[in-house]
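Just so we're aligned, residue 29 is where the sequence shown starts under this note's numbering, counting upward by one.
Report on the structure given below.
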Amino acid sequence: MTLWIYLHFTQLQLDSTFCEASEQPVVIVDASDNRIIQVCNKARAQGVDVGLGLGAAAALCQHLQVQPYDCMFEKNKLKEIAHSLYQVTCDISLVSHNGILLRVSNMLNLYQGLEAYWQCIQAVLQRLKVCYSYASGYSPLAARLLAKNKVNLITDDSSMLLHQVKSHALYESDLPSTISEQLTRVGVHTFEALLNIPMAQLAKRFDAQLVHYVGRLLGQFKEPVNFYQPPESFSRYVELLFEAENTAWLSKPLHTLLHQLEDFLLGREKVAYQLTIELQHRDKTPAILHVYAKEGEYRAEKWLMLCEFVFSNHQLTAPVQGITLSAQRIAERQSGCGDLFEKQHKGGSAASLISILQAKLGGDAIQGVEVYADHRPEKASGFIEPLCHGNDVPREPSLVRPTMLLNPEPLNSKIHIQQGPERISTGWWDAQPIIRDYFVVKEQSGRWLWVFRDPTQNWYIHGVFH
């Protein structure tokens, strides 16, 4: 028989909403009847609990922060949990809005036993900081019954699991109320009493729906399961239950999203070269920030450092209420790739340095230089992407050129000519001709300059030697 594990997430919306920085107690309310369905620890400490009416909860807790329940939000978060679990287990099925079913049997050889497998599952869930109950079973229905009743038992002992199933009352299951009431009228209140009735008698005394349920519960009837296939793109959102007025407050919720990105990339042996961060404001257009890693990166800690550099240059125009993180330019991870800050320990790679400088100063602040086959100084070079390979233009080693080229400005100081003249007369083919005599000179202040004299005998500074 196939062994399954069911994970039941008891407060997924609350766990997935970043409320650590909120000083107020938070609850999630079902708008259909104004009942509390999820409660944070701060609210529970003041007497608020699941099932309480909103009015009674407000009376117990004066500064209660209320969020309406959002089923679609939980479904999306359930997919994100499945993304993270996919790196340690393959057969995952999403159940409703708050359950995940794992097929265990075909993973036991890989992990050399159930205990090691379950430890890996727990490690992933612990990192995600979600509350859940769990159980194993030899059918999806049995595992779900035990998990939803918080049995929290992982074993492959079939007799122990059957005993646990039998110990529960019918009202604790997903049996339709009409069938449960029908069984109660004939004195069947527990699964032990129900399972003591032979299947042949069940078929005679009750309808086929109950027979089918019992068969699925015992694993005798196959239950159709649709297994989850993870997407190849990454986008995550976290809602803040406080208004962040400083970018420093965004690091912790962003770190949570970056850990999810790390799981996503690790499971696919890929790296990301660009992240987009969307800061959501209440009544304003979201702010869009881009973060780059020239060599590609997957690790949350390294991406967080780059993101914090970008944040340090961004001035918030309004408080932030949510963060969306998406990854662009995802590619296969190459051997040695991803060690953005550790590669070449003594000095770091050029690409690593470029990534840090772009994050700190802005993407357009860092440029490469390309040389062109043009004798005019203004047109002899131009900007390109950093680290891109430019033109292979042979250079005359005898020509002296300044460290920094300036826009020509009049020379008004006294100088001593050290070298020159060098005549540059060219540009007739594109209607931008120049005729200049260039000199290397030294000012009385000690500064070395590259200057030229034009045909009208005017002198100009065109460069500085360092």
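Ideal Cβ placement from N, Cα and C applies to all residues, glycine included.
Using the rule of at least 16 other Cβ atoms within 10 Å of the residue's Cβ for burial, across every protein chain shown, is Thr313 buried or exposed?
Around the C-beta of Thr313, fewer than 16 other C-beta atoms lie within 10 Å, and the residue is accordingly described as exposed.
Within a Cβ cutoff of 7 Å, which residues of the same chain sit near Leu439, ignoring the five residues on either side of it in sequence?
Same-chain partners within the cutoff: Val479, Trp487, Tyr488, Ile489.
Can you list, in chain order, the residues of its chain with a C-beta nearer than 8 Å to that of Pro483? Leave out the 5 residues immediately preceding and following it.
Ile463, listed in sequence order.
Which residues does DSSP pair with Thr218 in a beta bridge?
Under DSSP, Thr218 forms a beta bridge with Ala197.
Buried/exposed call for Lys176, threshold 16 Cβ in 10 Å
Lys176 should be labelled buried.
Could you check where the beta strand (DSSP E) with Arg131 kicks off and where it finishes?
According to the DSSP assignment, Arg131 belongs to the beta strand (DSSP E) that extends over 127-131.
Assigned secondary structure, Arg327 (DSSP; H/G/I helix, E/B strand, else coil):
Looking at Arg327 - three-state DSSP - the assignment turns out to be coil, as it is neither helix nor strand.
Opening and closing residue of the alpha helix (DSSP H) in which Val116 lies:
Note, Val116: premise wrong, no alpha helix (DSSP H); not H, not E.
Kindly indicate which three-state DSSP category Glu370 falls into: helix, strand or coil?
Interpretation of Glu370 is limited by its pLDDT of 46, a score under 50 that renders its predicted location unreliable; the figure taken from the coordinates is listed afterwards. In the displayed model, Glu370 falls within coil according to three-state DSSP, outside both helix and strand.
Helix, strand or coil for Gln257? Go by DSSP, reduced to three states.
Gln257 falls in the coil class under three-state DSSP.
Using the rule of at least 16 other Cβ atoms within 10 Å of the residue's Cβ for burial, across every protein chain shown, is Asp392 buried or exposed?
Residue environment for Asp392: exposed (fewer than 16 other C-beta atoms within 10 angstroms of its C-beta).
Does the region 264-278 touch the region 346-363, meaning 3 or more C-beta pairs lie closer than 8 Å?
Enough Cβ pairs lie closer than 8 Å, so yes.
Ile128 versus Ala171 - alpha carbon distance:
The C-alpha of Ala171 is placed about 11 Å away from the C-alpha of Ile128.
Count the other CB atoms within 10 Å of the CB of Met100; is the residue buried (16 or more) or exposed (fewer)?
The Cβ neighbour count for Met100, taken over all protein chains shown within 10 Å, is under 16; the residue is labelled exposed.
Asn435 - DSSP class collapsed to helix/strand/coil
The answer is strand: DSSP assigns Asn435 an E or B state.
Sequence-distant residues of the same chain with beta carbon closer than 6 Å to His283, five excluded per side
Taken in chain order, the residues that qualify are Leu332.
Buried or exposed: where does Phe37 fall if 16 or more other Cβ atoms within 10 Å of its Cβ makes it buried?
Phe37 is buried by the Cβ-count criterion.
Nearest-angstrom Cβ-Cβ length linking Gln74 and Gln39, presumed shorter than 8 Å
Gln74 to Gln39, Cβ: 17 Å. No contact.
Would you mind sorting Met135 into buried or exposed? The rule is 16 or more other CB atoms within 10 Å of its CB.
Buried, by the Cβ-count rule.
For Leu106 versus Leu130, is the C-beta distance shorter than 8 Å?
Going by C-beta atoms, Leu106 is not nearer than 8 Å to Leu130.
Please go through the same chain and pick out, in chain order, the residues whose beta-carbon is closer than 8 Å to the beta-carbon of Asn274, but skip the five residues on each side of it.
Same-chain partners within the cutoff: Leu344.
Using three-state DSSP, classify Ile445 as helix, strand or coil.
Here Ile445 carries a strand assignment [DSSP, helix/strand/coil].
Counterpart residues of His309 in DSSP-defined beta bridges:
As computed with DSSP, His309 is found in a beta bridge with Val348.
Residues in its own chain within less than 8 Å of His342 by CB, not counting five upstream and five downstream?
Correct list, in chain order: Thr275, Ala315, Leu317.
Check whether the Cβ atoms of Leu427 and Gly491 lie closer than 8 Å to each other.
No, they are not a contact pair.
Gly295: first and last residue of the uninterrupted alpha helix (DSSP H) it sits in:
Boundaries of the alpha helix (DSSP H) around Gly295: 279-296.
Looking only at DSSP bridge pairs, what is Phe493 linked to?
Paired residues: Trp476.
Taking all protein chains shown into account, decide if His373 is buried (16 or more other Cβ within 10 angstroms of its Cβ) or exposed.
Confidence in His373 is poor, its pLDDT being 42 and thus under 50, which makes the residue's placement too unreliable to answer from.
Going by the DSSP bridge assignment, what does Ser44 pair with across the sheet?
Beta-bridge pairing links Ser44 to no other residue.
Are the region 232-245 and the region 151-164 in contact at 8 Å, needing three or more beta carbon pairs?
They do not touch, by the three-pair rule.
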